[in-house]
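**Q** A single structure is presented below for examination.
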Amino acid sequence: MSFLSRTLAATAVALIAGAAVQAAEVKIAMNGVDDPVTNAEAAFAHGFADALKGTDFEVSIFPSGTLGSEKERYDQVAQGLVEVDLATASTTYGMSPLVKGVALPFFFASTEEFDAIIGDTDILAEMNAPLIENGVRLVGFNYIGGSIGIHNATRPIASLDDMKGMRFRALNAEQLDFIQTLGATGTIVAWAEVANAIQTGVAEGYFNAPNSAIRTGHTDFLKYYTPAAISPSTRVVLISEDWYALLTEAEKAQIDAAIAAGVAANRAWVADWLPKVRAKHESLGVTYTELAPGERDKMAELSKQVWAKTLSPEDLQAWTDARAAVAQ
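Taken in order, the sequence shown gives residues -23 to -1, 1 to 305; the numbers are from mature numbering (1 follows the signal peptide of the UniProt record, and there is no 0).
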């Protein structure tokens, strides 16, 4: 019996150890390539993973949509099947409409102001309240490059008048409304279909970070870029609330530190990339066109109509108050 007891005890220890190893795995899902040289989200993933070296956590990165579409990955995080998801912000809009504020055109003076609002006010907690109830926690924002500008295949854009008659790809209904407010037309196209849409004339361009066309090879046909500084090029870092809630306080502290390290790595990537992006575009035959004096102010004024349609009065006020708080 003593031999059997020892055998059973050893088996139990092995099973517990195996379970611990499984529980310690942290899966990071994302839609981009696992290349921290060209992909700012990969810089986050590796900054996060590096920060957990020497802990009981083992990080596995699943790039290029290998764990599914944006919606599928969101559902997996909510169910606790994936611990971390680097996602498009719009996946959270249905549960937390307040998140729409991160994409308000011409609302933020700079990326530094945006970071201050997220870090120094209660707006992140307010965005999280309905998400946490549904198994998802929003813990940070990645930038995919510099602030959003206008890429197109047709002509230089220096003014609102230059956009008339043009059709742009829209990410969602909110961006479609913005495009139409500027006097152009738009069509919602999934990112995977963007290249085909532009090459076949369904759309003539899109609004995105300055490095997005380079990263995707779209500079082969998007030959004009206007740095309009429309809004930060934000994507979200989501984690499984069920998984996070079961961690010990010490483990939570390790994960929190890893998230901060990932965000810092992402910001460092952007800071390194920005001085190079114009020269890289021009080396690929892309024409850079600055907005004419006063044109950005005109766009910003028109965009206030979009703010009021994108957010409820209460949510718009929450963002306005948060912005005012960091300006004091």
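Here a beta-carbon is modelled for each residue, glycine too, at the ideal position from N, C-alpha and C.
In chain order, what are the residue ranges of uninterrupted beta strand (DSSP E) at least 3 long that sit wholly in the stretch 141 to 213?
**A** Counting whole runs of 3 or more residues, the stretch 141 to 213 contains the beta strand (DSSP E) stretches 144 to 147, 162 to 165, 182 to 185, 201 to 203.
**Q** Going by the CB atoms, is the gap between T211 and A80 shorter than 8 Å?
**A** Position 103 of the sequence shown holds residue 80. Position 234 of the sequence shown holds residue 211. Taking 8 Å as the Cβ cut-off, A80 and T211 qualify as a contacting pair.
**Q** For the 8 Å Cβ check, are there 3 or more pairs between the stretch 172 to 190 and the stretch 117 to 136?
**A** These segments touch.
**Q** Following the continuous beta strand (DSSP E) through F118, name the residue where it begins and the one where it ends.
**A** Counting from one through the sequence shown, the residue named residue 118 turns up at place 141. It spans 113 to 120 - the beta strand (DSSP E) in which F118 sits, taken as one unbroken run.
**Q** Can you look up G24 in the DSSP assignment and give me helix, strand or coil?
**A** Locating residue 24 in the sequence shown gives position 47, where the first residue counts as 1. Three-state result, G24: helix.
**Q** Distance, Cα to Cα, V10 vs A20?
**A** If you number the sequence shown from 1, residue 10 lands on position 33. If you number the sequence shown from 1, residue 20 lands on position 43. For V10 and A20, the distance between alpha carbons rounds to 11 Å.
**Q** Which first and last residues belong to the alpha helix (DSSP H) in which A238 is found?
**A** To locate residue 238, count along the sequence shown from 1; it is residue 261. Note, A238: alpha helix (DSSP H), 226 to 260.
**Q** According to DSSP, simplified to helix, strand and coil, what is T(-13)?
**A** One-based indexing of the sequence shown puts residue -13 at position 11. Note that T(-13) scores 45 on pLDDT, short of 50, meaning its location in the model is unreliable; the coordinates nonetheless yield the value given after this. Here T(-13) sits in helix by DSSP.
**Q** Within the same chain, show all residues whose beta-carbon is closer than 6 Å to that of S280, passing over the 5 residues directly before and after it, in chain order.
**A** Taking the first residue of the sequence shown as 1, we reach residue 280 at position 303. Answer for S280: P82, F83, listed in chain order.
**Q** Measuring only the C-alpha atoms, how far is M276 from F34?
**A** Start at 1 with the first residue of the sequence shown, and residue 276 comes out as number 299. Start at 1 with the first residue of the sequence shown, and residue 34 comes out as number 57. Approximately 47 Å between the Cα atoms of the pair.
**Q** Whose C-alpha, out of L29, V14, N8, is nearest the C-alpha of E2?
**A** Taking the first residue of the sequence shown as 1, we reach residue 2 at position 25. For the residues L29, V14, N8, the minimum Cα distance to E2 belongs to L29.
**Q** Given M143, which residues of its chain have a CB within under 6 Å of its CB, disregarding the five upstream and five downstream residues?
**A** Locating residue 143 in the sequence shown gives position 166, where the first residue counts as 1. Result list for M143: A161, E181, in chain order.
**Q** How about the stretch 289 to 296 and the stretch 140 to 160: do they share at least three Cβ pairs that are nearer than 8 Å?
**A** With the cut-off at 8 Å, the stretch 289 to 296 and the stretch 140 to 160 do not touch.
**Q** Determine the direct distance from the alpha carbon of P133 to that of D139, and round the result to whole angstroms.
**A** As a working note, residue 139 is residue 162 in the sequence shown. As a working note, residue 133 is residue 156 in the sequence shown. Spanning the two alpha carbons is a distance of roughly 8 Å.
**Q** Let's see if you can read the secondary structure: which residues bound the alpha helix (DSSP H) around M7?
**A** Taking the sequence shown and counting its residues from 1, one reaches residue 7 at position 30. Not the alpha helix (DSSP H): M7 falls in the beta strand (DSSP E), residues 2 to 7.
**Q** Identify the residues that DSSP records as bridge partners of N129: which are they?
**A** To locate residue 129, count along the sequence shown from 1; it is residue 152. Paired residue(s): G182, Y201.
**Q** Would you please state the rounded distance, in angstroms, between the beta carbons of G112 and S217? I believe it to be under 8 Å.
**A** Here residue 112 refers to the residue found at position 135 of the sequence shown. Here residue 217 refers to the residue found at position 240 of the sequence shown. Confirmed, about 7 Å.
**Q** Between V263, F91, T225, P40, which has its C-alpha nearest E18's C-alpha?
**A** Residue numbering aside, residue 18 sits at position 41 when the sequence shown is read from its first letter. Of the candidates V263, F91, T225, P40, the one whose C-alpha sits nearest the C-alpha of E18 is P40.
**Q** Exposed or buried, K253, counting other C-beta atoms within 10 Å across all chains shown (16 or more means buried)?
**A** As a first step, residue 253 is located in the sequence shown; it is residue number 276 there, counting from the start. Per the 10 Å Cβ criterion, exposed.
**Q** Mind checking which residues open and close the alpha helix (DSSP H) that includes E60?
**A** As a working note, residue 60 is residue 83 in the sequence shown. Careful: E60 lies outside any alpha helix (DSSP H) and carries neither H nor E.
**Q** Determine the contact status of E47 and T68, defining contact as a CB-CB distance below 8 Å.
**A** Position 70 of the sequence shown, counted from the start, is the residue given in the question as residue 47. Position 91 of the sequence shown, counted from the start, is the residue given in the question as residue 68. Yes, Cβ-Cβ distance for E47 and T68 is below 8 Å.
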